[in-house]
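Heads up: the sequence shown begins at 1 in full-length UniProt numbering, then just goes up one per residue. We put the CB at the ideal spot given by N, CA and C, even for glycine. What follows is a single structure, written as structure tokens, with notes after it.
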Amino acid sequence: MSSHVITPGPYRATKLWNEVTRLFRAGMPLRKHRQNFRHYSSCFTAAAAVDWLHQLLRSNNNFGPDVTRQQTVQLLKKFLKNHVIEDVKGRWGTEDLEDNNTLYRFPSSSPLKPIPCPAPASRLGSLKKRPSLRDKEGFFKFRSIKRHEKEMLENADPALQTQGESQCEEEQQTPRRELTVEDEHDIWRDITLTHLQRILGVASLDEVLDHRYVNPQNIIHNMTKVNKHGVVTLDDKTNDLPHWALSAMKSLANWPKYDSAQPSYPGFERDVFKTVSDYFYSLPQPLLTYELYELFINVLGLLQPHCERVAIEALQLCTLLLPPASRRKLQLLMRMMSRISQNVDLPRLHPAIGTRTLMVHTFSGCVLGSAEEGDLDELLATRLVSFLMDHQEQILSVPKYLLSAINDYILYLRTVQVPIDSVPNADAGDAHCIPVQMYAFCRQISGAEFEQQKTESSQKAMEELLEILLTDQNISEKDRRKKLKQFQKQYPDIYSRRFPSTQKDNKPKIKPPLLSIKKTKAFSIRN
């Protein structure tokens, strides 16, 4: 018997069900039992099945050590309902199974759940028309060169910046295709989904994510409208947590320092905890939403040993797709759960369960769930919520690299020369024609060409900066020599070409008029 990780892909929840079924049927020990004066061969008790299956789930990388015995009992009930097992009299179809010595067996045949066929091409056709950003290496290489020059210019003298601005003014004489709000929304969505597809390692997101539920405005809001703690702020306060719920969460998270006037009767903290859990379970759907259920199930495939960083990055992007109100509630809930788990001053909330385990199992159902009853919902939700709670600060923060990439790309499209003649006809019928046009400007180049362009562009820029250091009359002689010495140390090749090594001291000869320049504020040449 061997197990394997069910990697991301379509219908992962069904594949997980089939994997557990296969392992259980192949490995569960069977023997002869006596019950009511009769002997039954090749069977097992419910308690023995719970023992064996519980150990299997805890050691399986698809589920992890947070699986409880009670969850294992619930899974066996579903096995009985779906005829994976039956009692020794051949009865099944109910969920009347307890952790006791009742005898069960495997039916002669227990078919695995069929994997649904891929969606017809006609259904996915409209989705696949949306241009992809996967193979647009030319822009990203171009951007890295321009960013280097931009950083150099920002640290240089205003005279050089003025020179660059004048060049931009000349470029602006070329007619451009103006970006609309819809174009920018497409960019936010496409770049985010492209990164997500790369992390998940799937050929297409179409079968794990319904693009109808990807709202670029949610992505923009979740990345740009946050408070100093990184928590999403809402424009419409009616979608926020009610004051009493937020007050209860703060009371538990900061116990006992939040409110000195709060009641002190025994068990008060348990009542507050129940109030919080009741509120989250009263919401119309889980915080990760029914629409994104399949996507988050697939991210669970990344929760493997030594893949923690990849899983965190994937969850960062997935949670950006949530409605802002759901993301805010998720952030506040995870912060509360994490702080309660670490609060040694908070009285025990359950007599038999540790605080961390209680947090995970109490709130897993209101975080992840499917619109239809899922066979493994409880196990999968526990696995995900446990990881979310342990890494909530990283997962629920704004990914700076993505924000920078999107902003740089939009800035690039606003400034690059794009002749009007190259703009596709708006009547062509393709609502997403902009990405096709804007990428036509970029030609994908080889790595060698990119390195050559990067070197030439950077060296030319630094040569211009060196000339400014030599000729700028607003730099004092002392500062000039200091900057030249720094430049020589950081860019010896460029410096030696400007000042050949015939001079023993390797110092440039400064013209006499420059020696009497009055002092001004120094600037740094470091990038």
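Beta-carbon proximity check, residue i vs residue j, cutoff 8 angstroms
i: residue 53; j: residue 80; result: no
i: residue 322; j: residue 362; result: no
i: residue 346; j: residue 252; result: yes
i: residue 376; j: residue 13; result: yes
i: residue 382; j: residue 370; result: no
i: residue 409; j: residue 187; result: yes
i: residue 46; j: residue 96; result: no
i: residue 528; j: residue 239; result: In the structure as shown, the chain begins at 1 and stops at 527. Residue 528 is therefore absent and cannot be evaluated.
i: residue 245; j: residue 276; result: yes
i: residue 110; j: residue 83; result: yes
i: residue 537; j: residue 389; result: In this structure the chain extends from 1 to 527, so residue 537 is not present and cannot be described.
i: residue 286; j: residue 368; result: yes
Contact set for residue i: own chain, Cβ-Cβ below 7 angstroms, skip 5 residues either direction
i: residue 463; result: 494
i: residue 487; result: 466, 469, 495, 525
i: residue 283; result: 366
i: residue 6; result: 12, 15, 16, 19, 62, 301
i: residue 303; result: 311, 383, 387
i: residue 343; result: 255
i: residue 70; result: none
CA-to-CA distance, residue j to residue i, given in whole angstroms
i: residue 179; j: residue 406; result: 14 angstroms
i: residue 147; j: residue 385; result: With a pLDDT of 49 at residue 147, under the threshold of 50, the modelled position of that residue is not reliable, and no figure is offered here.
i: residue 270; j: residue 349; result: 6 angstroms
i: residue 16; j: residue 378; result: 13 angstroms
i: residue 341; j: residue 250; result: 14 angstroms
i: residue 107; j: residue 26; result: 13 angstroms
i: residue 225; j: residue 87; result: 56 angstroms
i: residue 248; j: residue 236; result: 22 angstroms
i: residue 31; j: residue 72; result: 21 angstroms
i: residue 440; j: residue 8; result: Residue placement at residue 440 is flagged as unreliable, the pLDDT there being 35, under the threshold of 50; the coordinate-derived value follows with that caveat. Using only the alpha carbons, I get a separation of about 33 angstroms.
i: residue 231; j: residue 459; result: 43 angstroms
i: residue 257; j: residue 336; result: 14 angstroms
i: residue 68; j: residue 355; result: 14 angstroms
i: residue 264; j: residue 272; result: 12 angstroms
i: residue 498; j: residue 414; result: 36 angstroms
i: residue 229; j: residue 334; result: 13 angstroms
i: residue 23; j: residue 296; result: 24 angstroms
i: residue 489; j: residue 472; result: 20 angstroms
i: residue 481; j: residue 491; result: 15 angstroms
i: residue 373; j: residue 21; result: 18 angstroms
i: residue 189; j: residue 211; result: 10 angstroms
i: residue 528; j: residue 113; result: Because the chain in this structure spans residues 1 to 527, residue 528 falls outside the shown range and cannot be described.
i: residue 153; j: residue 474; result: Bear in mind that the predicted position of residue 153 carries a pLDDT of just 45, short of 50, making it too unreliable to give a figure here.
i: residue 105; j: residue 203; result: 41 angstroms
i: residue 59; j: residue 94; result: 28 angstroms
i: residue 332; j: residue 51; result: 36 angstroms
i: residue 28; j: residue 308; result: 31 angstroms
Spatial neighbours of residue i in its chain, beta-carbon cut-off 6 angstroms, leaving aside the 5 residues before and after
i: residue 294; result: 208
i: residue 223; result: 398, 403
i: residue 33; result: 40, 43, 103
i: residue 78; result: 375
i: residue 274; result: none
i: residue 92; result: 80, 83, 86
i: residue 128; result: Note on residue 128: pLDDT 39, under 50, position unreliable in the model; the coordinate value appears next. If we look at residue 128 and ignore the five residues flanking it on each side, it has no Cβ neighbours.
i: residue 64; result: 383
Proximity to residue i [Cα-Cα], best of the options
i: residue 36; options: 101, 352, 23; result: 101
i: residue 182; options: 220, 292, 307; result: 220
i: residue 66; options: 357, 50, 204; result: 357
i: residue 280; options: 266, 354, 204, 241; result: 241
i: residue 610; options: 338, 254, 353, 205; result: Since the first residue shown for the chain is 1 and the last is 527, residue 610 is missing from the structure and cannot be characterised.
i: residue 401; options: 195, 257, 190, 38; result: 195
i: residue 115; options: 93, 254, 291, 10; result: 10
i: residue 89; options: 113, 64, 38; result: 38
i: residue 216; options: 497, 22, 490, 193; result: 193
i: residue 339; options: 203, 327, 391, 296; result: 391
i: residue 351; options: 189, 267, 203; result: 267
i: residue 234; options: 189, 308, 211, 328; result: 328
Own chain partners of residue i with C-beta closer than 8 angstroms, once the 5 adjacent residues on each side are dropped
i: residue 184; result: 410
i: residue 305; result: 61
i: residue 292; result: 209, 213, 318, 321, 322
i: residue 191; result: 133, 402, 405, 406, 409
Any non-hydrogen atom of the ligand ADP closer than 7 angstroms to residue i Cβ
i: residue 409; result: Annotation note on the ligand ADP: not contained in the displayed structure, which lists no ligands.
Meets three-Cβ-pair contact criterion under 8 angstroms: the region 307-318 and the region 192-202: With a cut-off of 8 angstroms on Cβ pairs, the region 307-318 is in contact with the region 192-202, counting three or more such pairs.
Touch test, the region 305-313 against the region 390-407, Cβ-Cβ under 8 angstroms, three pairs minimum: For the pair of segments examined, the region 305-313 was found to touch the region 390-407: the number of CB pairs separated by less than 8 angstroms reaches three.
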